[in-house]
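Here is the structure we will look at.
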Amino acid sequence: EAGVTQFPSHSVIEKGQTVTLRCDPISGHDNLYWYRRVMGKEIKFLLHFVKESKQDESGMPNNRFLAERTGGTYSTLKVQPAELEDSGVYFCASSQNSGKNSPLHFGNGTRLTVT
Amino acid sequence: AQSVAQPEDQVNVAEGNPLTVKCTYSVSGNPYLFWYVQYPNRGLQFLLKYITGDNLVKGSYGFEAEFNKSQTSFHLKKPSALVSDSALYFCAVRDITGANNLFFGTGTRLTVIP
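Which chain is which? The protein sequence lines are A and B, in order. If you read the first sequence in the numbering used here, its first letter stands for residue 1154, the second for the next number, and so on. If you read the second sequence in the numbering used here, its first letter stands for residue 22, the second for the next number, and so on.
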């Protein structure tokens, strides 16, 4: 089966610009997560979708970040306007069920650089 | 509050020697514990997990980890390191009674020296 795919793999934008990251989860996985790793720090949770609904968005840093999952398939994460501190690697992950003993399947990440 | 600590940013080990990557955690309730590995330019790959039962869990590529409740630790181990094990390793925890998201450590870069 195809894994979690993320696009683009890299993005370099200027401060104030807008960027949209995309994640395609594994087919049939209802749960979709976004995480972010800022250089050298821990991987931090951003939000969790169950199908098209936001189950938990407690990790979203501020209202410059908007995540959507229309139709419960792929998801987008938009940053508008981007700031320097938004630089990092954004990971998407999916799982088939919401059980807490289920491991997440991660994509390769999108490396975002804001200059 | 949930948190994970990986005290070593970097671990170097000679090929063929045993390796240990340390992890301690903090949760309010009981933990589910996970190890992930990230190879260069790749995503995180699941290695192993502790849910319940035997404190020693075995995972992919010959790795194992030991859950120690009294020390709140979940150290990753392998009896004989390979050069191909060189990668970034992340420990993660979920609180059984808490939110569904994973809490990760800062990662440990393992370098196996030929």
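In this text, a Cβ means the ideal position worked out from N, Cα and C, and glycines have one as well. Values in this document were obtained by computation on a predicted structure and should not be read as measured data.
Within 10 angstroms of its Cβ, does residue i collect 16 or more other Cβ (buried), or is it exposed?
i           : result
Asp-30(B)   : exposed
Ala-1155(A) : exposed
Gly-1224(A) : exposed
Asn-1184(A) : buried
Lys-70(B)   : buried
Glu-1238(A) : exposed
Where does residue i fall in DSSP's three states?
i           : result
Gly-83(B)   : helix
Leu-1257(A) : coil
Leu-40(B)   : strand
Val-1157(A) : coil
Val-1191(A) : coil
Val-104(B)  : helix
Asp-1209(A) : strand
Glu-1236(A) : coil
Thr-129(B)  : strand
Thr-1268(A) : coil
Gly-1241(A) : strand
Using a Cβ-Cβ distance under 8 Å, would residue i count as near chain B?
i           : result
Val-1165(A) : no
Phe-1259(A) : yes
Asn-1254(A) : yes
Asp-1209(A) : yes
Tyr-1186(A) : yes
Ser-1251(A) : yes
Gly-1224(A) : no
Could one say the Cβ of residue i lies closer than 8 Å to chain A's Cβ atoms, at least one of them?
i          : result
Ala-120(B) : yes
Phe-95(B)  : no
Gly-126(B) : yes
Arg-130(B) : no
Leu-77(B)  : no
Phe-84(B)  : no
Leu-123(B) : yes
Touch test, the region 54 to 61 of chain B against the region 26 to 41 of chain B, Cβ-Cβ under 8 Å, three pairs minimum: no
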